[in-house]
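Enquirer:
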Amino acid sequence: MADVHAIHPAGKEFNPWPAVIFIVLVCLALLFLAPTAGVLLSSIKTTREIALGDLWSIPDRLYLGNFTEVLQNPAVHRYLLNTLMVAIPATSVSLALGVLAGYVFAKLPFRGSEALFLVIIAGMFFPPQVILIPLYRLFNAVGLIDTLWPVIFVHIAMGLPICTLLMRNFFATVPNALREAAILEGANEWQVLTRVALPLSLPALAVLATLQFTWIWNDFLWPLIFTQSDEKRTIMLGLVNLKGQYSVAWGVQGALSLIASLPTLIVFLFFQRYFIKGMTMGAVKG
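Just so you know, we're using the numbering used here here: the sequence shown kicks off at 24 and counts up by one.
(1) Since residue 174 and residue 109 are thought to touch, with beta carbons under 8 Å apart, how far apart are those beta carbons, to the nearest angstrom?
(2) For residue 112, collect the residues of the same chain with a Cβ closer than 7 Å to its Cβ; drop the 5 residues on either side in sequence, then sort them by chain order.
(3) Between which two residues does the alpha helix (DSSP H) carrying residue 212 extend?
(4) For residue 208, name the three-state secondary structure that DSSP assigns.
(5) Report yes if the C-beta distance between residue 187 and residue 236 is below 8 Å; otherwise report no.
(6) With C-beta atoms as the reference, is residue 229 less than 8 Å away from residue 89?
(7) Count the other CB atoms, across all protein chains shown, that sit within 10 Å of the CB of residue 240; report buried if there are 16 or more and exposed otherwise.
(8) Residue 191: buried (16+ other C-beta within 10 angstroms of its C-beta) or exposed?
(9) In chain order, what residues of the same chain lie with their CB nearer than 7 Å to the CB of residue 215, ignoring the 5 residues before and after it?
(10) Among the residues of its own chain, which have a CB less than 7 Å from the CB of residue 254, if the five just before and after it don't count?
(11) State buried or exposed for residue 105, treating a residue as buried only when at least 16 other CB atoms are found within 10 Å of its CB.
(12) Rounding to the nearest angstrom, what Cα-Cα distance links residue 196 and residue 291 in this structure?
(13) Rounded to whole angstroms, what is the Cα-Cα separation between residue 189 and residue 234?
(14) By the 10 Å Cβ neighbour count, where 16 or more other Cβ atoms means buried, how is residue 166 classified, buried or exposed?
(15) For residue 171 and residue 182, what's the separation of their Cα atoms in angstroms?
(16) With residue 246 and residue 265 assumed to form a contact (beta carbons below 8 Å), what rounded beta-carbon distance in angstroms separates them?
(17) Contact defined as beta carbons within less than 8 Å: I believe residue 210 pairs with residue 218. What is the distance between those atoms, to the nearest angstrom?
(18) Roughly how far, in whole angstroms, is the beta-carbon of residue 258 from the beta-carbon of residue 232, given that I think they are within contact range, below 8 Å?
(19) Please report the residue range of the alpha helix (DSSP H) in which residue 159 lies.
(20) Determine whether the beta carbon atoms of residue 122 and residue 275 lie at a separation below 8 Å.
(21) Below 6 Å CB to CB, which residues in the same chain sit around residue 124 once its five sequence neighbours on both sides are set aside?
(22) Around the C-beta of residue 70, are 16 or more other C-beta atoms found within 10 angstroms, so that it is buried, or is it exposed?
(23) Between residue 62 and residue 49, what straight-line distance do the alpha-carbon atoms span, to the nearest angstrom?
(24) Is the Cβ-Cβ distance between residue 281 and residue 66 less than 8 Å?
(25) So, with DSSP's three-state summary, where would you put residue 42?
(26) Of the choices 155, 151, 43 and 225, whose alpha-carbon is the least far from that of residue 193?
(27) In the DSSP assignment, find the unbroken alpha helix (DSSP H) run with residue 259 in it and report its ends.
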């Protein structure tokens, strides 16, 4: 059986596997980008062109009427505002609680702290469908159905485990000598957290902010369950409910899909310098 490693003319051994891996990765990238290309092409075509099956061809002229219709639609403005009213407070509060809990578990352990930490982390393994009916009955009993509050509360609660886990792992890597030195200088625990630990935790916070904001912004399940009127819908529900006069407005939905993806893209670009470092944080010890 022939050896897969050939001898390069220069005398060096030639390994074909990097080229094969590169080709496979390029094919996978094209496969994942195909839906995005379809959305982009549909957003710059008329409904008639799409209805005739002319989706994957490049149009002779750009049709920007879909974007104009979306940007001038008051309902779209309301969807975007509702989504921001959910994503910003839910992301901020879950991050704040994760920072506080992570610092306590990492630097201020107490009797039973490990058990409590495991209880909080266990929330990551509960599928949302298990708690869907109990939560609906709870929020319905207190009169919060068809408001944004249930969506905010649920995202805070579901984001707390991952925020606590990541921040606890990060704070555990911060040398205790820094904390002890700050305490000797007269700082209390709050000052140690805000002036020593938090400035060092920007990579972790960047990861959490990006992931939390993206998950909340793209969420479809909880707004579908807890909101009923069009005035309380988020952008993902609004995207599904956009319709033309006689049929689904594919071009308008494509344009709104691209516009709806901009906030998450901006958040990722803003935190990009810290994101990769934060994702690999804690992967290697010693």
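Glycine residues also receive a C-beta, built at the ideal position from the N, C-alpha and C atoms.
Expert: In terms of the structure at hand:
(1) Within the sequence shown, residue 174 is the residue found at index 151, counting from 1. Within the sequence shown, residue 109 is the residue found at index 86, counting from 1. At roughly 5 Å, the Cβ-Cβ gap stays under 8 Å, so residue 174 and residue 109 are in contact.
(2) Numbered from its first residue, the sequence shown carries residue 112 at position 89. So the qualifying residues of the chain are 175.
(3) Residue mapping note: residue 212 aligns to position 189 of the sequence shown, counting from 1. Residues 212 to 215.
(4) As a working note, residue 208 is residue 185 in the sequence shown. If DSSP states are grouped into helix, strand and coil, residue 208 belongs with coil.
(5) In the sequence shown, the residue the question calls residue 187 occupies position 164. In the sequence shown, the residue the question calls residue 236 occupies position 213. It is not a contact, given that the beta carbons lie outside the stated cut-off.
(6) In the sequence shown, residue 229 corresponds to position 206, counting from 1. In the sequence shown, residue 89 corresponds to position 66, counting from 1. No; because the gap between Cβ atoms is not below 8 Å, this pair is not in contact.
(7) Taking the sequence shown and counting its residues from 1, the one referred to as residue 240 is at position 217. So residue 240 counts as buried.
(8) Taking the sequence shown and counting its residues from 1, the one referred to as residue 191 is at position 168. Its Cβ being crowded by 16 or more others within 10 Å, residue 191 is buried.
(9) Residue numbering aside, residue 215 sits at position 192 when the sequence shown is read from its first letter. Contacts found: 202, 205 and 206.
(10) Taking the first residue of the sequence shown as 1, we reach residue 254 at position 231. For residue 254, where only same-chain residues beyond five positions count, the Cβ hits under 7 Å are 101.
(11) Start at 1 with the first residue of the sequence shown, and residue 105 comes out as number 82. Burial state of residue 105 is buried, judged by a 10 Å Cβ sphere holding 16 or more other Cβ atoms.
(12) By one-based count along the sequence shown, residue 196 stands at place 173. By one-based count along the sequence shown, residue 291 stands at place 268. Spanning the two alpha carbons is a distance of roughly 25 Å.
(13) Numbered from its first residue, the sequence shown carries residue 189 at position 166. Numbered from its first residue, the sequence shown carries residue 234 at position 211. Going by C-alpha positions, residue 189 is about 12 Å away from residue 234.
(14) Counting from 1 along the sequence shown, the entry for residue 166 is found at position 143. Result: exposed.
(15) Here residue 171 is taken as the residue at index 148 of the sequence shown, counted from 1. Here residue 182 is taken as the residue at index 159 of the sequence shown, counted from 1. Distance between the alpha carbons of residue 171 and residue 182 is about 17 Å.
(16) Here residue 246 refers to the residue found at position 223 when the sequence shown is read from its first residue. Here residue 265 refers to the residue found at position 242 when the sequence shown is read from its first residue. About 15 Å separates the two Cβ atoms, so there is no contact after all.
(17) Along the sequence shown, one-based indexing puts residue 210 at 187. Along the sequence shown, one-based indexing puts residue 218 at 195. Your pair residue 210 and residue 218 checks out as a contact, with CB atoms roughly 7 Å apart and the cut at 8 Å.
(18) For the purposes of this step, residue 258 is taken as the residue at position 235 of the sequence shown. For the purposes of this step, residue 232 is taken as the residue at position 209 of the sequence shown. At roughly 19 Å, the Cβ-Cβ gap does not stay under 8 Å, so residue 258 and residue 232 are not in contact.
(19) Along the sequence shown, one-based indexing puts residue 159 at 136. First-last of the alpha helix (DSSP H) with residue 159: 151 to 164.
(20) Here residue 122 refers to the residue found at position 99 when the sequence shown is read from its first residue. Here residue 275 refers to the residue found at position 252 when the sequence shown is read from its first residue. Going by C-beta atoms, residue 122 is not nearer than 8 Å to residue 275.
(21) Against the sequence shown, residue 124 aligns to sequence position 101. The residues are 187.
(22) Numbered from 1 along the sequence shown, position 47 holds the residue referred to as residue 70. Answer is buried; the Cβ neighbour count reaches 16.
(23) Walking along the sequence shown from the start, residue 62 turns up at place 39. Walking along the sequence shown from the start, residue 49 turns up at place 26. If you take the alpha carbons of residue 62 and residue 49, they lie about 20 Å apart.
(24) Residue 281 sits at position 258 when you count from the first residue of the sequence shown. Residue 66 sits at position 43 when you count from the first residue of the sequence shown. Yes; because the gap between Cβ atoms is below 8 Å, this pair is in contact.
(25) Translated into positions along the sequence shown, residue 42 becomes position 19. Three-state DSSP puts residue 42 in a helix.
(26) Numbered from 1 along the sequence shown, position 170 holds the residue referred to as residue 193. Selected option, being the one with the closest Cα: 225.
(27) For this step, residue 259 is matched to residue 236 along the sequence shown. Per DSSP, residue 259 belongs to the alpha helix (DSSP H) from 258 to 264.
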